[in-house]
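K.L.:
Mind having a look at this structure? Questions to follow.
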Amino acid sequence: MALNTTEYALGHRCVWSTCNVTGYPSIYREYKVDCCTLSVPLNYARPNRSITISMSRLSPLQSTSQNNTLFILMGGPGASGWNLFQSAALLIPAQLGLTIILPDHRGTGLSTVLGCDDNDSQTITTGCITYLISKWDIEGLNQFSITAAAHDLSVQIQVYQADHPGRISIYAVSYGTFWLDRFLQIYPTLIPSAIMDGVINPILALNKTDETETKENGPGFLNSKVLYLNIIQSERWLAPNESEIDKETVLAWHRSTLMAPNNSEQTISFRAQWPKYPLDQYYSKVASYTPLLMLSGQLDPATTFPLASQLASITSKTRTFYGIPLAGHVTVNIAKVGFYCPLHLMLAWAFPNNFSSEWSDPQSSYDELLIQIEKLEKSNYFSLDIFD
Numbered sequence: 011m012a013l014n015t016t017e018y019a020l021g022h023r024c025v026w027s028t029c030n031v032t033g034y035p036s037i038y039r040e041y042k043v044d045c046c047t048l049s050v051p052l053n054y055a056r057p058n059r060s061i062t063i064s065m066s067r068l069s070p071l072q073s074t075s076q077n078n079t080l081f082i083l084m085g086g087p088g089a090s091g092w093n094l095f096q097s098a099a100l101l102i103p104a105q106l107g108l109t110i111i112l113p114d115h116r117g118t119g120l121s122t123v124l125g126c127d128d129n130d131s132q133t134i135t136t137g138c139i140t141y142l143i144s145k146w147d148i149e150g151l152n153q154f155s156i157t158a159a160a161h162d163l164s165v166q167i168q169v170y171q172a173d174h175p176g177r178i179s180i181y182a183v184s185y186g187t188f189w190l191d192r193f194l195q196i197y198p199t200l201i202p203s204a205i206m207d208g209v210i211n212p213i214l215a216l217n218k219t220d221e222t223e224t225k226e227n228g229p230g231f232l233n234s235k236v237l238y239l240n241i242i243q244s245e246r247w248l249a250p251n252e253s254e255i256d257k258e259t260v261l262a263w264h265r266s267t268l269m270a271p272n273n274s275e276q277t278i279s280f281r282a283q284w285p286k287y288p289l290d291q292y293y294s295k296v297a298s299y300t301p302l303l304m305l306s307g308q309l310d311p312a313t314t315f316p317l318a319s320q321l322a323s324i325t326s327k328t329r330t331f332y333g334i335p336l337a338g339h340v341t342v343n344i345a346k347v348g349f350y351c352p353l354h355l356m357l358a359w360a361f362p363n364n365f366s367s368e369w370s371d372p373q374s375s376y377d378e379l380l381i382q383i384e385k386l387e388k389s390n391y392f393s394l395d396i397f398d
């Protein structure tokens, strides 16, 4: 990479302003909401073309003496930070005094959207591929990658840090853990701590029966199917040294799977035609960064506990790993029903000087989880009989 992202960040400061996104208020759950859009190189090795990357910010209305900021990376690939807007504000009350940043991956959200036409349609056809090549050319389309998004995140963090000195930590969920791992490989000294939840194993391929959904607010705003396919087809379809798999085999796997989305045929149908980007030196590697916390729900159907455990076994010298019982995909979500164990572990890891030492103690957090389960069982609202 030819461009120095530190120098670039210092020369491109954020101008925070109203987001103007339909359905998302400027004040929410005692947070002020605003946005920053930055111009960055399409190709960091040859910065002659530009795109925009965006991030939204949730700042507590009540001022605090400390400046602690949590960047939260969304899953996907193809999903924007706006998918986390309500959950982040709900799970991390403004009274805790943390500022929350939700970056939009290049290609989705308020960043430059990767779409199938001038209106950013997400209807994948052969015509869509023709349009993408015409608009971006092959080299340009190749830049909508995990590595390029890692460089973007470096710029966003350093831009923010320049104007808001303080502690910055990153919490990543699902595909966001893959994005975070790539970032930590390239920029291991920018942040003091990081957390992965719903861990994707970079060494293995997981996406032959995965999908994203398109929802309201315009094509590509919440989810870009085009970005999803660009990343999946390029470096998440095959594991290292795995041979190409024919369509009939993939569809047979799909039919024999108990739970699977319905887009596998579409994904495999465009595989040969899709202009896949070249794999770089970071592909299938694992960041040696520390301190890094990994959380995995033992009932996670998407990024499964056995695969997370395998990754934990080969990174035990640099990573701390906790399996969360009764939790599914993205463990902190169980705080919504009163189980705060993984949320407390995450927050205490990110900002150890701000929260009780009991929050960082896995046994204490686990005991609290069991107490909450017992309370619910006694109230007849919840039963563990299905596990007997």
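Numbering (my numbering), first residue to last: 11 to 398.
Note that CB positions come from ideal geometry on N, CA and C, so glycine has one too.
(1) For Leu120 and Asp114, which I take to be in contact (beta-carbon distance under 8 Å), what is that distance rounded to the nearest angstrom?
(2) Is the CB-CB distance between Tyr34 and Phe81 below 8 Å?
(3) Less than 7 Å between the CB of Gln153 and some heavy atom of the ligand GDP, yes or no?
(4) Which residues does DSSP pair with Leu48 in a beta bridge?
(5) Can you tell which of Leu261, Ser66, Leu353, Asn14 has its C-alpha closest to the C-alpha of Tyr38?
(6) Quick one, are the C-beta atoms of Leu83 and Val236 less than 8 Å apart?
(7) When we look at the beta-carbon of Leu71 and count the other beta-carbons within 10 Å, is it buried (16 or more) or exposed?
(8) Does the Cβ of Ile245 have 16 or more other Cβ atoms within 10 Å, making it buried, or fewer, making it exposed?
(9) Would you call the CB atoms of Ile324 and Gln308 closer than 8 Å?
(10) Rounded to the nearest angstrom, how far is the Cβ of Ile205 from that of Leu303, given a contact under 8 Å?
(11) So, is Asp207 buried or exposed, given that buried needs 16 or more other C-beta atoms within 10 angstroms?
(12) Please tell me whether Pro352 and Leu305 are closer than 8 Å, where the distance is taken between their beta carbons.
(13) Quick check on DSSP: helix, strand or coil for Pro85?
(14) Under three-state DSSP, which class holds Arg246?
(15) Ser279 to Arg56, Cα distance in whole Å?
(16) Which residues in the same chain have their Cβ closer than 6 Å to the Cβ of Arg329, if we skip the five residues on either side of it in sequence?
(17) Suppose you measure from the CA of Ile102 to the CA of Leu108; what does that come to, to the nearest Å?
(18) To the nearest angstrom, report how far apart Thr219 and Gln171 are at their CA atoms.
(19) Would Ser64 pass as a contact of Cys45 if the rule is Cβ separation under 8 Å?
(20) Using DSSP with H/G/I as helix, E/B as strand and the rest coil, what is Ala159?
(21) Check the C-beta distance from Val340 over to Ser184 and give it rounded, since I have them as a contact under 8 Å.
(22) Would you check if there are 3 or more beta carbon pairs closer than 8 Å linking the stretch 150-157 to the stretch 282-293?
(23) Could you round the C-beta distance between Ser179 and Phe361 to whole angstroms and report it? I think they count as a contact, below 8 Å.
(24) Following the continuous beta strand (DSSP E) through Val183, name the residue where it begins and the one where it ends.
(25) If you draw a straight line from the alpha carbon of Ala262 to that of Glu254, how long is it in whole angstroms?
(26) How many angstroms separate the CA atom of Thr133 from the CA atom of Cys126?
(27) Taking just the CA atoms, how far does Asn129 sit from Ser69?
(28) Could you give the DSSP three-state label for Arg281: helix, strand or coil?
(29) Comparing alpha-carbon positions, which option in Gln168, Val25, Pro372, Ile210 lies nearest Tyr18?
(30) Could you check where the beta strand (DSSP E) with Phe331 kicks off and where it finishes?
(31) From the DSSP output, which residues share a beta bridge with Lys42?
(32) Look up Thr372 in the DSSP assignment and say whether it is helix, strand or coil.
(33) For Glu384, is the classification buried or exposed, using 16 other Cβ atoms within 10 angstroms of its Cβ as the cut-off for buried?
(34) With a 10 Å radius around its C-beta and 16 neighbouring C-beta atoms as the bar for buried, classify Val165 as buried or exposed.
(35) Please classify Ser367: is it buried, with 16 or more other beta-carbons within 10 angstroms of its beta-carbon, or exposed?
P.N.:
The short version:
(1) About 5 Å; that satisfies the 8 Å criterion.
(2) The answer is no: Cβ separation not under 8 Å.
(3) Looking at this structure, you won't find the ligand GDP or any other ligand, since it has none at all.
(4) Paired residue(s): Ile63.
(5) Tyr38 has its Cα closest to that of Ser66, out of Leu261, Ser66, Leu353, Asn14.
(6) Against a cut-off of 8 Å, the Cβ pair of Val236 and Leu83 comes out as no contact.
(7) Classification for Leu71: exposed.
(8) Correcting the residue type first, residue 245 is Glu in the shown sequence and not Ile. Glu245 counts as buried, since at least 16 other C-beta atoms from the protein chains shown sit within 10 angstroms of its C-beta.
(9) Result no, Cβ atoms of Ile324 and Gln308 do not sit closer than 8 Å.
(10) About 5 Å separates the CB atoms of Ile205 and Leu303; that is less than 8 Å, so the two are in contact.
(11) It is buried - the Cβ of Asp207 has at least 16 other Cβ atoms within 10 Å.
(12) Closer than 8 Å, so yes.
(13) Residue 85 is actually Gly in this sequence, not Pro. Secondary structure of Gly85 (DSSP, three-state): coil.
(14) If DSSP states are grouped into helix, strand and coil, Arg246 belongs with the helices.
(15) Using only the alpha carbons, I get a separation of about 32 Å.
(16) Here the set comprises Leu302, Met304.
(17) Taking the straight line joining both Cα atoms gives about 8 Å.
(18) Reliability fails at Thr219, whose pLDDT of 37 lies under 50, so the model's placement of it is uncertain and the value that follows must be treated cautiously. Distance between the alpha carbons of Thr219 and Gln171: 39 Å.
(19) Yes; because the gap between Cβ atoms is below 8 Å, this pair is in contact.
(20) In the displayed model, Ala159 falls within a helix according to three-state DSSP.
(21) Sure, about 6 Å apart at Cβ, within 8 Å.
(22) Short answer: they touch.
(23) Ser179 to Phe361, Cβ: 7 Å. Contact.
(24) Annotation for Val183: the continuous beta strand (DSSP E) segment containing it runs 177-183.
(25) Note on geometry: alpha-carbon atoms of Ala262 and Glu254 lie some 15 Å from one another.
(26) Approximately 7 Å, taken between the alpha carbons.
(27) A direct Cα-Cα distance of roughly 32 Å separates Ser69 from Asn129.
(28) Per DSSP, reduced to three states, the secondary structure at Arg281 is coil, with no helix or strand assignment.
(29) It is Gln168.
(30) The continuous beta strand (DSSP E) containing Phe331 extends over residues 329-334.
(31) Paired residues: Ile37, Ser69.
(32) The sequence given here has Pro at residue 372, not Thr. In this structure, Pro372 counts as helix in the three-state DSSP scheme.
(33) The residue is exposed, with fewer than 16 neighbouring Cβ atoms inside 10 Å.
(34) Flag for Val165 reads buried.
(35) Looking at its Cβ environment, which holds fewer than 16 other Cβ atoms inside 10 Å, Ser367 is exposed.
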